[in-house]
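Numbering of the sequence shown is given in the numbering used here, commencing with residue 54 and proceeding in unit increments.
Glycine included, every Cβ here is placed at the ideal spot set by N, Cα and C.
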Amino acid sequence: LEKGEISIIEKDYFSIQTGAGQLIVLQVQLEGKRRMSTGDFLRGVQLEVGTCLG
Numbered sequence: 054l055e056k057g058e059i060s061i062i063e064k065d066y067f068s069i070q071t072g073a074g075q076l077i078v079l080q081v082q083l084e085g086k087r088r089m090s091t092g093d094f095l096r097g098v099q100l101e102v103g104t105c106l107g
């Protein structure tokens with residue numbers, strides 16, 4: 054996987070590939086919205102491994 058791509062998706066978190074390893078995302082805040090748990094976020098969106106963020 055390339056930097057910025059989703060590498061793992063689980064029920065309550067996902068991880069993003071970085072140059073030094075992986076970043077586990079536990080909370081998300083979309084522009085203009087309140088911060089939410091990644092689990093709540095994942096229940097409302099469809100992400101796939103390999104999707105590039107950024």
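Following the DSSP letters along the chain, one finds Leu76 inside the beta strand (DSSP E) bounded by residues Gly74 to Val78.
Taking Glu58 as the centre and dropping the five residues before and after it, the same chain places the C-beta of Gln70, Gly103 and Cys105 closer than 6 Å to its C-beta, in chain order. Residue pairing by DSSP puts Glu58 in a beta bridge opposite Cys105. Looking at the DSSP output, Val81 sits in a beta bridge with Met89. Between Val81 and Thr91, the C-beta gap is smaller than 8 Å, which places the two residues in contact.
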